[in-house]
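Student:
Protein chains in written order, with our numbering: chain A, 23 to 240; chain B, 8 to 417; chain C, 2 to 179.
#1: If you reduce the DSSP assignment to three classes, tell me which class residue 231 of chain B lands in.
#2: Using a 10 Å radius around the Cβ and a threshold of 16 neighbouring Cβ atoms, would you call residue 400 of chain B buried or exposed?
#3: Are residue 413 of chain B and residue 334 of chain B close, meaning C-beta to C-beta below 8 Å?
#4: Would you decide whether residue 110 of chain B is buried or exposed? Buried here means 16 or more other CB atoms lie within 10 Å of its CB.
#5: Any C-beta of chain B within less than 7 Å: which residues of the stretch 33-45 of chain C qualify?
#6: Counting only beta-carbon separations shorter than 8 Å, does residue 239 of chain A have a partner in chain B?
#7: Just how far apart, CA to CA, sit residue 83 of chain A and residue 154 of chain A?
#8: Hey, out of B:267, B:150, B:96, whose CA is closest to residue 422 of chain B's CA?
#9: Can you say whether residue 145 of chain C is buried or exposed, counting buried as having 16 or more other CB atoms within 10 angstroms of its CB?
#10: Please report whether the beta-carbon of residue 50 of chain B lies at a distance below 8 Å from any beta-carbon of chain C.
#11: Taking the continuous alpha helix (DSSP H) assigned at residue 94 of chain B, which residues delimit it?
#12: What in chain B is Cβ-close to residue 47 of chain C, meaning under 7 Å?
#13: On the CB-based measure, 16 or more other CB atoms within 10 Å of its CB, does residue 19 of chain B come out buried or exposed?
#14: DSSP three-state call for residue 372 of chain B: helix, strand or coil?
#15: Closer than 6 Å by C-beta to residue 16 of chain B: which residues in its own chain qualify, once you throw out the five before and the five after it? Chain order, please.
#16: What separation, rounded to the nearest whole angstrom, lies between the Cα atoms of residue 102 of chain B and residue 395 of chain B?
#17: When DSSP builds the beta bridges, which residues end up paired with residue 162 of chain A?
#18: For a contact defined as C-beta to C-beta under 7 Å, what are the partners of residue 89 of chain B on chain C?
#19: Along the beta strand (DSSP E) that carries residue 178 of chain A, what are the first and last residues, could you check?
#20: State buried or exposed for residue 303 of chain B, treating a residue as buried only when at least 16 other CB atoms are found within 10 Å of its CB.
#21: What are the boundary residues of the alpha helix (DSSP H) that includes residue 109 of chain A?
#22: Using 8 Å as the threshold, is the C-beta distance between residue 89 of chain C and residue 160 of chain C below it?
#23: Could you check whether the stretch 126-133 of chain B touches the stretch 147-166 of chain B, counting it as contact only if at least three pairs of C-beta atoms, one from each stretch, sit closer than 8 Å?
#24: Using a Cβ-Cβ cutoff of 8 Å, what residues of the stretch 102-135 of chain A are near chain C? List them in chain order.
#25: What is the DSSP secondary structure of residue 161 of chain C, counted as helix, strand or coil?
#26: Kindly indicate if chain C contains any beta-carbon less than 8 Å away from that of residue 138 of chain A.
#27: For residue 129 of chain A, which three-state DSSP category applies?
#28: Using three-state DSSP, classify residue 73 of chain A as helix, strand or coil.
#29: Comparing the C-beta of residue 168 of chain A with each C-beta of chain B, is any distance below 8 Å?
#30: Cβ closer than 7 Å: which chain F residues qualify as neighbours of residue 244 of chain B?
#31: At 9 Å on the CB atoms, spell out the chain B contacts of residue 222 of chain A, in chain order.
#32: Between residue 236 of chain B and residue 32 of chain B, is the Cβ-Cβ spacing less than 8 Å?
#33: Spatial neighbours of residue 366 of chain B within its chain, please: C-beta separation below 6 Å, excluding the five flanking residues on both sides.
#34: Would you report the Cα separation of residue 81 of chain A and residue 61 of chain A, rounded to the nearest angstrom?
#35: Per DSSP, residue 68 of chain C forms a beta bridge with which residues?
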């Protein structure tokens, strides 16, 4: 075995071990091929405003941010009531009442997707993991003993049509929460393509220059 | 223009400095790409200082505002997301570059005479870098920040007699709090000044003893080439490759180096289920955990970092060229790198059953390699001398132009 | 480097070209990379979102002024009496430094809206029975916000504003959100 293969193998194993140590704690989350289109984010936002916002806050998302995901001014005006555009989206239930109801303050949702390994996949799996046992007791398989009551009544879904509809709603909410946790993701990736393309050109030029300069050494 | 330059040169050795230490600095022509990492470390240092400076214009070192101010940077500040991700990815890049830089030094035996001071200032830089990274990790005030700082400051409880008092003094309170955050911010801002100072000393030492090279034998003057344009071109090419990898993480996987739990604001009443330090601390953390005694663990962890400084004493062989011409040392080097990787893995996963044993074995191997090195290196030297040095070395040493002499001590 | 190059002028020319191209591309990259950092010092999006203020005029009695915050600056809103209006409109010759017709300074005669910062060095003028007096260097403005005397070079600045209804104005330009 020559030196280069050895080095390669060692650094490879190093990377493998490090990367693996992180992946291993991902408990089986649902494999969903999310569609992160603006339309889906917007539908998810509508569901979130109708359902999640009852108890949860979106501290880091302001009403004006909704304009970035396809809401128009009138739709935002309906949602915000007389709150200024530049205020955080807060829950419709008073926090004190919500914490009395559930024994804890429902967590802020704006960063939730980033605060859980798996992001949108975690949220999707959580919301579709409610089920009912023989004694009609509802619990969550991913998060047993969760204090949040089944928000979409997923455990008591009746037929396939209803399930499909719920799955779609939950998928949209997951995509929306992914967006709230990282609203600059799209801009970031778009910038990234240009930057990497530029760097490849630049590096190639540096390579040519290096070769040309070193060729004078004989 | 030349008039101005003459005016300056009469008062300050500007042209001389540029000629001797920048453009004309004599550099061995046979340096491989492994020698690019010193320059890269300098580049990342500048990147961190600049991005950190701009982050500090928006960050608020106050326990009730810190977490929010990071989100403010990520969402409201123009390109705040980019600057923050450069800084957070830059921390990992810094350690990656430094680890490779150190591995190169170990592999090629560059720590040996006359470069001991380079190795020791480098060791100092590693310690400063670790401290700076540790202070900086508290600043986002997330759960991992908080509990990481809690656990690490608690290590000082192992101090004899004054353990508890020292921990309270370090934190400025009975637990990590606002006072801790403020002082960590100040220190995180201040330590880079020390780093820059020590880097300058590192460079002055380098320009006194000159760069080592893969052969391990100092080359004759005719085999040195001016730094510019040869190594400026080579360093820039390396920088380009580095930036492609770096920007891939910044733009496409910036959260790879950030624990999910750190997106939850610090909560002094609830520890995350699984605390892990940043990846660059994992091997040392694994050593800490492998020893079932607080003081013992702390001592072992500290020793595992500073033991590198002993390398010039531990390696007693005079055969040039580090691992390149020393088969036994080469094997030890590879065992060490593999052991380091295993410790990284062990440090990252929750301690359980067989992993605890693996961690302890790896810790033992880690120290055993250093402990046995004096004997192995001496024995290896004897063996190589008896067997005869590789033809390449013989040739280099015999060539009248090399300033190095080496005679087998037999 | 020139000594090696001089052997082959063609080769040296090619290298010179490559150096120039690389230099230009790299230089452009450095400038591009500097932009996000420079831009990060500009007002943040939440500051920009606060750049307009809605003001209720109903509670300002005739003859009273109200000071409101707009972009962190004081804005004086004076509900002028008919006497005040006729005074500033009749005696338009009194001020000479920065002559301006009062009609051009208001949208509705009874409402004067001006930025309450002295155009000299930015102190906040004090309301007097008639007009404003800057405490810093004694510039005096009339009830149209026009400078009558003192070192101030210009009349009080008019902010952009529009009437949302008879009793409500929006100060600042509304940004078109797309």
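Note that beta-carbon positions come from the ideal geometry of N, C-alpha and C, so glycine has one too. Quick caveat, the model's predicted, so the values are computed rather than measured.
Tutor: This is what the structure holds:
#1: As a position in the second chain, residue 231 of chain B is number 224, starting the count at 1. Of the three classes helix, strand and coil, the one that applies to residue 231 of chain B here is strand, per DSSP.
#2: On the second chain, residue 400 of chain B is found 393 positions in, with the first residue counted as 1. Residue 400 of chain B is buried by the Cβ-count criterion.
#3: Translated into the one-based positions of the second chain, residue 413 of chain B becomes position 406. Translated into the one-based positions of the second chain, residue 334 of chain B becomes position 327. For residue 413 of chain B and residue 334 of chain B, no; Cβs fall outside 8 Å.
#4: Within the second chain, residue 110 of chain B is the residue found at index 103, counting from 1. Buried is the call here.
#5: 37, 38, 40, 41, 42, 43, 45
#6: Taking the first residue of the first chain as 1, we reach residue 239 of chain A at position 217. Yes, residue 239 of chain A lies at the interface with chain B (some Cβ there is under 8 Å from its Cβ).
#7: By one-based count along the first chain, residue 83 of chain A stands at place 61. By one-based count along the first chain, residue 154 of chain A stands at place 132. Approximately 34 Å between the Cα atoms of the pair.
#8: This structure leaves residue 422 of chain B out entirely; chain B is present only between 8 and 417.
#9: As a first step, residue 145 of chain C must be located in the third chain, where it is residue number 144. So residue 145 of chain C ends up on the buried side.
#10: For the purposes of this step, residue 50 of chain B is taken as the residue at position 43 of the second chain. By this cut-off, residue 50 of chain B is not an interface position.
#11: Translated into positions along the second chain, residue 94 of chain B becomes position 87. First-last of the alpha helix (DSSP H) with residue 94 of chain B: 87-114.
#12: Residue 47 of chain C sits at position 46 when you count from the first residue of the third chain. Neighbours of residue 47 of chain C on chain B, chain order: 83.
#13: Here residue 19 of chain B corresponds to residue number 12 of the second chain, with the count starting at 1. Its Cβ having fewer than 16 others within 10 Å, residue 19 of chain B is exposed.
#14: Here residue 372 of chain B is taken as the residue at index 365 of the second chain, counted from 1. Three-state result, residue 372 of chain B: helix.
#15: Position 9 of the second chain holds residue 16 of chain B. For residue 16 of chain B, where only same-chain residues beyond five positions count, the Cβ hits under 6 Å are 22.
#16: Numbered from its first residue, the second chain carries residue 102 of chain B at position 95. Numbered from its first residue, the second chain carries residue 395 of chain B at position 388. Going by the C-alpha atoms only, they are around 39 Å apart.
#17: Within the first chain, residue 162 of chain A is the residue found at index 140, counting from 1. In DSSP, residue 162 of chain A forms a bridge with A:152.
#18: As a first step, residue 89 of chain B is located in the second chain; it is residue number 82 there, counting from the start. Per Cβ cutoff of 7 Å: 37.
#19: Within the first chain, residue 178 of chain A is the residue found at index 156, counting from 1. Taken as a continuous stretch (DSSP letters only), residue 178 of chain A belongs to no beta strand (DSSP E), as it is neither H nor E.
#20: Locating residue 303 of chain B in the second chain gives position 296, counting from the first residue. So residue 303 of chain B ends up on the exposed side.
#21: As a working mapping, residue 109 of chain A is identified with position 87 in the first chain. First-last for residue 109 of chain A: undefined, no H or E at that position.
#22: Counting from 1 along the third chain, the entry for residue 89 of chain C is found at position 88. Counting from 1 along the third chain, the entry for residue 160 of chain C is found at position 159. Going by C-beta atoms, residue 89 of chain C is not nearer than 8 Å to residue 160 of chain C.
#23: no
#24: Listed in sequence order: 107, 108.
#25: Mapped onto the third chain, residue 161 of chain C falls at position 160. In the structure shown, residue 161 of chain C sits in coil (DSSP, three-state: anything other than H, G, I, E or B).
#26: On the first chain, residue 138 of chain A is found 116 positions in, with the first residue counted as 1. Cβ-Cβ to chain C under 8 Å: no for residue 138 of chain A.
#27: Indexing the first chain from 1 puts residue 129 of chain A at position 107. Looking at residue 129 of chain A - three-state DSSP - the assignment turns out to be coil, as it is neither helix nor strand.
#28: Numbered from 1 along the first chain, position 51 holds the residue referred to as residue 73 of chain A. Residue state, collapsed to three classes: coil.
#29: One-based indexing of the first chain puts residue 168 of chain A at position 146. Chain B, which has no Cβ nearer than 8 Å to the Cβ of residue 168 of chain A, makes this no.
#30: This model lacks chain F altogether, as its protein chains are A, B and C.
#31: Against the first chain, residue 222 of chain A aligns to sequence position 200. Per Cβ cutoff of 9 Å: 247, 251.
#32: On the second chain, residue 236 of chain B is found 229 positions in, with the first residue counted as 1. On the second chain, residue 32 of chain B is found 25 positions in, with the first residue counted as 1. Going by C-beta atoms, residue 236 of chain B is not nearer than 8 Å to residue 32 of chain B.
#33: Position 359 of the second chain, counted from the start, is the residue given in the question as residue 366 of chain B. The answer, listed in chain order, is 293, 297, 353.
#34: Residue numbering aside, residue 81 of chain A sits at position 59 when the first chain is read from its first letter. Residue numbering aside, residue 61 of chain A sits at position 39 when the first chain is read from its first letter. Roughly 23 Å between the two C-alpha positions.
#35: Counting from one through the third chain, the residue named residue 68 of chain C turns up at place 67. Per DSSP, the beta bridge partners of residue 68 of chain C are C:77.
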